[in-house]
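Asks: FYI, in my numbering the residues of the sequence shown are 89 to 371. By construction, the Cβ of each residue, glycine as well, lies at the ideal position given by its N, Cα and C atoms. Take this structure, written in C-alpha cells, and hold onto it; I'll ask about it next.
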Amino acid sequence: MQWQTSRFQIDLAQPRVMGIVNVTPDSFSDGGSFGSSRAALDHCEQLVRDGAHILDIGGESSRPGTPPVPLDEELARVLPVVKDAVRLGVPISVDTYKPEVMRAVLELGVDIVNDIRALREPGAVDAVARHAHCGVCLMHMHGEPQTMQRAPMEGDAVPQVLAFLRERTQALRERGVAGVRICWDAGIGFGKTVEQNFALLARQRELLGDGFPLLAGWSRKSSLGTVSGEPPPRLVSSVAAALLAVERGARIVRVHDVRETVAALKVWAAAQSALDGHAGTKT
C-alpha cells in the first residue's frame, strides 16, 4: 500500500510513525514546550533522529474546551517552522482545518493536510483538490472542540464513523482527488466516550474494508488514563495502544513519544517476521 503525498510516495507495507510537533501554548499534553520556531524545529530534528517517518506540525490546539486561534496567529506559528522542516528529508504534515493555512503550507512544499474537520470548512476541499498530489487525512470529529466532550456522540460509534469517512471521501473523489492520496482517522477522543474509543480500537478492522490506510491517534489521550490509571504523559499506555492499533491494521500511528514507539514497533515487526517465516516453512 502506498500513500501519495506532495513529494513522497509513502510505503505503508510497514507501519509508519508520525511525530507530533505542537507549536502552541495550550496543547493538552505538551503546550508551551515548543512555542518558539527555533525550539519547534529543534524538536522536529530530534523526532527524525528518534525514527519518525513523518512529522505533523500544528499551530492550534484541539483539546476539549479550547477556543479557536485567529488565522494570522496560526500562520505566524506554523509557517516559520514549515519553511525549515520541509528540508529535513521526511514527509511533512500540517494539522489544520483552515483552507488559508492549507494553501500557504502547500505552497511551501508540505506533503499532507491533516484536518480534524475532514475538509468541511468552506474552501478546504478546493484547497486540496487544486493541488496535484498532496496527501490528505480525513478525521471524524463529533461536535466541536469547545463542546465535544460535554455532549459526546451516542450509540455505536463504528458504523457512524465509517459512514462519515465514506461521505467525506466521496466529496473529495468527486473533485478529482485520487484515492491513493487519502488516509482515514477515526478521531479517538474527539466527541466520543471512553467506551466508544475502545470499541473503535477493538473493531478497527471494520474501518479497513474500503482500502484506505488508517491513521491511529491514541497518544496520551485521557481514555488511556481512565482505564489504566496512568497519569500524564501516559507513556506506557500510549505505546500499548499504538501497538494494538498496528496489530489491528493501522498503517500510521501519530505519537508524541517517537523513540519509544519506534522501539516497540521493532519488537512487533521482529515477532511478525518470525511468524511469517514459520508460516513459509509449512508443507
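Using only CA atoms, which one of Ala212, Tyr185, Ala266 and Leu167 lies nearest to Val198?
Replies: Leu167
Asks: Rounding to the nearest angstrom, what Cα-Cα distance links Ala290 and Cys132 in this structure?
Replies: 32 Å
Asks: Rounded to the nearest angstrom, what separates Leu353 and Pro320 at their Cα positions?
Replies: 22 Å
Asks: Hey, which unbroken runs of the alpha helix (DSSP H) at 4 residues or more fall wholly within the region 302-353?
Replies: 310-316 and 323-335
Asks: What residue does the beta strand (DSSP E) around Met89 start on, and which one ends it?
Replies: Note, Met89: premise wrong, no beta strand (DSSP E); not H, not E.
Asks: If you compare alpha carbons, which of Pro233, Val324, Glu209 and Leu176 is closest to Phe96?
Replies: Leu176
Asks: Buried or exposed: which applies to Ala274, given that a residue is buried once 16 or more other Cβ atoms fall within 10 Å of its Cβ?
Replies: When all chains shown are included, Ala274 counts as buried.
Asks: How many Å lie between Val346 and Leu129 at the Cα?
Replies: 15 Å
Asks: For Pro158, is the classification buried or exposed, using 16 other Cβ atoms within 10 angstroms of its Cβ as the cut-off for buried?
Replies: Here Pro158 is exposed, its C-beta having fewer than 16 other C-beta atoms within 10 Å.
Asks: With DSSP run on the structure shown, which of helix, strand or coil describes Ala99?
Replies: Correcting the residue type first, residue 99 is Asp in the shown sequence and not Ala. Asp99 falls in the strand class under three-state DSSP.
Asks: Please confirm whether Leu196 and Val174 have their CB atoms less than 8 Å apart.
Replies: Result yes, Cβ atoms of Leu196 and Val174 sit closer than 8 Å.
Asks: Helix, strand or coil for Met227 per DSSP?
Replies: strand
Asks: Tell me the rounded alpha-carbon separation between Ala359 and Thr349.
Replies: 15 Å
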